[in-house]
Amino acid sequence: MTLYCSVRLVDSSSGFVALKIQRSAADFAEAALQEIEILSAIANGNSSNSECVVRLIDHFRHTGPNGQHICMILEYLGDSLLHLIKYNRYRGLNLNKVREICRWVLLSLDYLHREVGIIHSDLKLENVLLISTIDPSKDPNKSGLSPILEKPEGSSNSSVLVNFGEKKLKRKARSATVKISTRRASMGGVTKRVRSLDGIDLRCKIVDFGNACWVDKPFQDVIQTRQYRAPEVVLGAGFSFSADMWSLACVAFELATGEVMFAPTSGEGFTEDEGKYEETMRLIDQMEKRVLNSPRYHIRLHLTSSFYNFAAPVMLFFYGLFW
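Numbering (the UniProt record's numbering), first residue to last: 1 to 323.
Right, dumping it as structure tokens:
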């Protein structure tokens with residue numbers, strides 16, 4: 001488990017920072033050193049787009065009762081895109097706001113891919129943070145108050161993973177709640193007031209490079225959280241920068257709809273990865289009929305391999321946001 005917390009430096013002019021403490025086990029320590037190497041390369045870049053990526057300030061080792069921990073001092077950022085979705089009660093964001101968020105992520109990926117040669121390998125809502133909190137009063141840099149520490153999304157105090165079937169049930173419950181609220185509103189009933197996202201600073205940065213790798217030096221064969229995993233990774237066909245772009249397309253869909261694009265499940269005779277592949281192909285078949293034949297979404301993609309032909313429809317959804 002990776003622990004996160006916010007601390008205040010002794011020098012008040014430095015303000016608040018985020019402290020990432022890695023577990024003391026040898027494999028976690030090695031991963032932390034690789035992350036420091038990658039973050040250092042990012043920080044040493046010359047492009048202004050490097051400002052779209054979380055900044056490593058310093059790192060040190062701390063010896064405690066459980067061994068030696070590698071600690072990283074990172075710049076203090078705000079809420080994640082997952083928190084933004086929750087704040088919006090799992091309703092899709094206005095497409096102009098989705099475009100704004102994706103523009104900042106694209107600037108970051110352009111810098112990582114083209115100038116540094118790094119694949120993030122785990123792009124998802126939790127790993128993109130706004131530069132400030134949704135509620136300005138909770139931003140210590142603006143309010144001058146100590147931050148209220150919250151449990152990071154996706155973390156747990158135990159090694160037990162959340163059952164994905166439970167997540168699917170929660171998504172269905174959210175969807176049903178939205179439908180009921182809409183029906184009540186149409187009937188003149190009482191419904192929750194729609195929250196306004198106006199005034200929220202949508203500038204954001206990519207964080208968590210614990211799974212990142214150099215394009216010519218991958219550390220592992222399987223990358224990415226399953227819901228955001230690119231088809232080439234599922235099939236074990238190798239991967240490159242396009243894997244991050246697939247994940248970003250899934251993130252854009254989630255921002256626009258409030259729903260996960262792919263929610264793979266396992267069953268009798270097939271694994272979750274096989275379920276993900278089948279679900280991907282089924283969705284692409286639907287999108288080929290509805291999207292690829294539409295003049296508005298017509299685009300010529302220069303793909304380096306025929307394998308990527310079936311990735312085009314999902315990418316078209318993402319590119320369509322900017323037209």
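Backbone N, C-alpha and C fix where the C-beta goes; we use that ideal spot for every residue, glycine too.
### Message
Can you check which of these residues, I206, N44 and G236, is closest to G76 by C-alpha distance?
### Response
The count along the sequence shown starts at 1 and reaches residue 76 at position 76. According to the sequence as given, residue 76 is Tyr; it is not Gly. Of I206, N44 and G236, the residue nearest in Cα terms is I206.
### Task
For A18, name the three-state secondary structure that DSSP assigns.
Taking the first residue of the sequence shown as position 1, residue 18 is located at position 18. Strand at A18.
### Task
Please name the residue in T63, V53 and H69 whose C-alpha comes closest to that of E30.
Locating residue 30 in the sequence shown gives position 30, counting from the first residue. Comparing Cα-Cα distances from E30 to each of T63, V53 and H69, the minimum goes to H69.
### Query
Under three-state DSSP, which class holds Q220?
For this step, residue 220 is matched to residue 220 along the sequence shown. Looking at Q220 - three-state DSSP - the assignment turns out to be coil, as it is neither helix nor strand.
#### Entry: Close-in-space but distant-in-sequence residues of the same chain around S132 (CB under 6 angstroms, 5 per side omitted)
For the purposes of this step, residue 132 is identified with residue 132 of the sequence shown, where counting begins at 1. Only G78, D139 and D201 meet the Cβ criterion.
### Touching by the beta-carbon criterion (3+ pairs, under 8 angstroms), the stretch 84-99 and the stretch 239-259
yes
### Task
Label L33 either buried or exposed according to how many other C-beta atoms from any shown protein chain fall within 10 Å of its C-beta, with 16 as the threshold for buried.
For the purposes of this step, residue 33 is taken as the residue at position 33 of the sequence shown. The residue in question, L33, is exposed, as its Cβ has fewer than 16 Cβ neighbours within 10 Å.
### Message
Less than 8 angstroms between the beta carbons of Q220 and V233, yes or no?
### Response
As a working note, residue 220 is residue 220 in the sequence shown. As a working note, residue 233 is residue 233 in the sequence shown. Not in contact: Q220 and V233 (Cβ atoms no closer than 8 angstroms).
### Message
Starting from C204, trace the beta strand (DSSP E) in both directions and tell me its first and last residue.
### Response
For the purposes of this step, residue 204 is taken as the residue at position 204 of the sequence shown. C204 to I206 is the span of the beta strand (DSSP E), which, as asked, contains C204.
### Message
Please identify the residue among G238, I36 and Q227 whose C-alpha is closest to the C-alpha of D122.
### Response
Here the question's residue 122 lines up with position 122 in the sequence shown. That would be Q227, whose Cα lies nearest to the Cα of D122.
#### Entry: Exposed unless 16 or more other CB atoms sit within 10 angstroms - verdict on F239
Taking the sequence shown and counting its residues from 1, the one referred to as residue 239 is at position 239. Buried is the call here.
### Query
Under a Cβ-count criterion, where at least 16 other Cβ atoms within 10 Å of its own Cβ denotes burial, should H83 be classed as buried or exposed?
The residue given as residue 83 occupies position 83 in the sequence shown. The residue is buried, with at least 16 neighbouring Cβ atoms inside 10 Å.
### Query
DSSP beta-bridge partners for W214?
Residue mapping note: residue 214 aligns to position 214 of the sequence shown, counting from 1. Note: W214 sits in a beta bridge opposite I118 and K217.
### Within 8 angstroms, strictly: CB atoms of R195 and Y87
The residue labelled residue 195 in the question sits at position 195 within the sequence shown. The residue labelled residue 87 in the question sits at position 87 within the sequence shown. Yes, the Cβ-Cβ distance between R195 and Y87 is below 8 angstroms.
### Query
Quick one: Cα of I119 to Cα of A25, how far?
As a working mapping, residue 119 is identified with position 119 in the sequence shown. As a working mapping, residue 25 is identified with position 25 in the sequence shown. Looking at the two C-alpha atoms, the distance is approximately 25 angstroms.
### Task
Might you give, ordered along the chain, the residues of its own chain that have their beta carbon closer than 7 angstroms to the beta carbon of I73, omitting 5 neighbours on each side?
Within the sequence shown, the letter at position 73 stands for residue 73. Closer than 7 angstroms at Cβ, skipping near neighbours: V17, L19, I57, D58 and H59.
### Message
Just to confirm before moving on: does the CB-CB distance between V222 and L125 stay below 8 angstroms?
### Response
Residue mapping note: residue 222 aligns to position 222 of the sequence shown, counting from 1. Residue mapping note: residue 125 aligns to position 125 of the sequence shown, counting from 1. Their beta carbons are not under 8 angstroms apart, which means V222 does not touch L125 by this criterion.
### Query
Going by other Cβ atoms of all chains shown within 10 Å of its Cβ, with 16 needed for buried, is R229 buried or exposed?
Locating residue 229 in the sequence shown gives position 229, where the first residue counts as 1. Looking at its Cβ environment, which holds 16 or more other Cβ atoms inside 10 Å, R229 is buried.
### C-alpha distance - I36 paired with H62, whole-angstrom precision
Along the sequence shown, read from residue 1 onward, the residue named residue 36 stands at position 36. Along the sequence shown, read from residue 1 onward, the residue named residue 62 stands at position 62. Roughly 15 angstroms separates the two Cα atoms.
#### Entry: Length of the line joining the Cα atoms of C213 and N66
For the purposes of this step, residue 213 is taken as residue 213 along the sequence shown, with counting starting at 1. For the purposes of this step, residue 66 is taken as residue 66 along the sequence shown, with counting starting at 1. Rounded to the nearest angstrom, the two C-alpha atoms are 28 angstroms apart.
### Query
Is it the case that the Cβ atoms of V53 and G117 are separated by a distance below 8 angstroms?
Taking the sequence shown and counting its residues from 1, the one referred to as residue 53 is at position 53. Taking the sequence shown and counting its residues from 1, the one referred to as residue 117 is at position 117. Not closer than 8 angstroms, so no.
### Query
What residues match up with D58 in a beta bridge as DSSP calls it?
Stepping through the sequence shown from its first residue, residue 58 is reached at position 58. D58 pairs with I73.
### Query
Terminal residues of the continuous beta strand (DSSP E) containing V128?
For this step, residue 128 is matched to residue 128 along the sequence shown. Run containing V128: V128 to L130, per the beta strand (DSSP E) assignment.
### Query
How close, in whole Å, do the beta carbons of A43 and R55 come, if the pair is a contact with beta carbons under 8 angstroms?
For the purposes of this step, residue 43 is taken as the residue at position 43 of the sequence shown. For the purposes of this step, residue 55 is taken as the residue at position 55 of the sequence shown. A43 to R55, Cβ: 6 angstroms. Contact.
#### Entry: Among G210, G199, P231 and Y111, nearest to D27 - alpha-carbon criterion
As a working mapping, residue 27 is identified with position 27 in the sequence shown. Looking at the Cα atoms, G210 is the closest of the given residues.
### Task
Leaving aside the five residues before and after I134 along the sequence, list all residues of the same chain whose C-beta is less than 6 angstroms from its C-beta, in chain order.
Counting from one through the sequence shown, the residue named residue 134 turns up at place 134. Result list for I134: D79, Y87 and I200, in chain order.
### Query
Can you round the beta-carbon distance between L235 and L93 to whole angstroms, since I take them to be within the 8 angstroms contact cut?
For this step, residue 235 is matched to residue 235 along the sequence shown. For this step, residue 93 is matched to residue 93 along the sequence shown. Contact flag wrong, Cβ pair sits at about 32 angstroms.
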